[in-house]
Amino acid sequence: MSVQLFNGAYDKEEEVAAAAMFAVTGKYSAGDRTLWSTQEDRAFITTMGLDVATFWKILEGPGGFGERWETMPIPQHDVSPAGAPQGHRQWCRRPGDHSALSGISHAQMSRYLEFAEEILHQTLLSLDEASISMPRSVPHFQHLSDLICTRHPLLEGAFGSIDGLSLPSQELDDPEIKNVKYNGWKTGHCINSVLAFPPEGVIISAALNAPGSWHDTDVPTARYA
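Adding 43 to a residue's 1-based position in the sequence shown gives its number in my numbering.
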């Protein structure tokens, strides 16, 4: 069985956008082209958790996803990155090659996804807006504390809040994984994270993807111990 990622009807911009959607969602469908054509915040947020402006921020500009997708070859351990394509040995993609790809195998699709996720990760690391970091100076801590005291005068010295986030998870066949993800309080399988955020509304620290059976107080223990 094979799947189709791009076809000849895709222009350069649509191909890069489809690759970015592929990296964000971990899947590709023909409906992504319709999603892209809408340019509507509601559709983008529902599908990817990003509004249109944020998606374009990731896509465009120096060091953006689009530039990396166009200039970086997909890594292959059995072929020299500087060598000519060895199509008779194994599938590969040259930088800037926008030829139609049709009927690629699941192994090739997996390589596409791994590459897209890696350059998405590199892109996000380069964006200041995507960074997660604690306040770095005493004046900044004081500013956050003042914001909180304006609304809650008795909360002196506080600079933020912390809360747990539980997201539904697929129920797997492996009984050990199934057991560790099951949350008896919520009577379902989930993944737990704990986020810390100041009154400015940004995330300043996060402990992510803990098993659903863990209590919120246990999730950040390793980070702050």
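Glycine included, every Cβ here is placed at the ideal spot set by N, Cα and C. These numbers were taken from a predicted model, which means no experiment stands behind them.
Under the three-state reduction of DSSP, residue 101 is assigned to helix. Contact check for residue 234 against residue 212 passes: the beta carbons are separated by less than 9 Å. Residue 93 carries a coil assignment under DSSP once its states are collapsed to helix, strand and coil. The DSSP-derived three-state label of residue 249 is strand. The alpha-carbon separation between residue 155 and residue 217 amounts to approximately 27 Å.
Under the three-state reduction of DSSP output, residue 197 falls in the coil class, being neither helix nor strand.
For residue 231, the enclosing beta strand (DSSP E) stretches over residues 231 to 240.
A Cβ-Cβ contact shorter than 9 Å links residue 210 with residue 236. Annotation for residue 220: the continuous alpha helix (DSSP H) segment containing it runs 218 to 224.
Residue 204 has 240 as its beta-bridge partners, per DSSP. Put simply, of 160, 178, 260, 118 the residue whose alpha carbon is nearest the alpha carbon of residue 68 is 160. The residue among 256, 153, 250, 257 with its C-alpha nearest the C-alpha of residue 263 is 250.
A residue is called buried once 16 or more other Cβ atoms fall within 10 Å of its Cβ, and residue 241 is buried on that count.
Inclusion of residue 59 and residue 102 in the CB contact set at 9 Å is warranted, their separation being smaller than that value.
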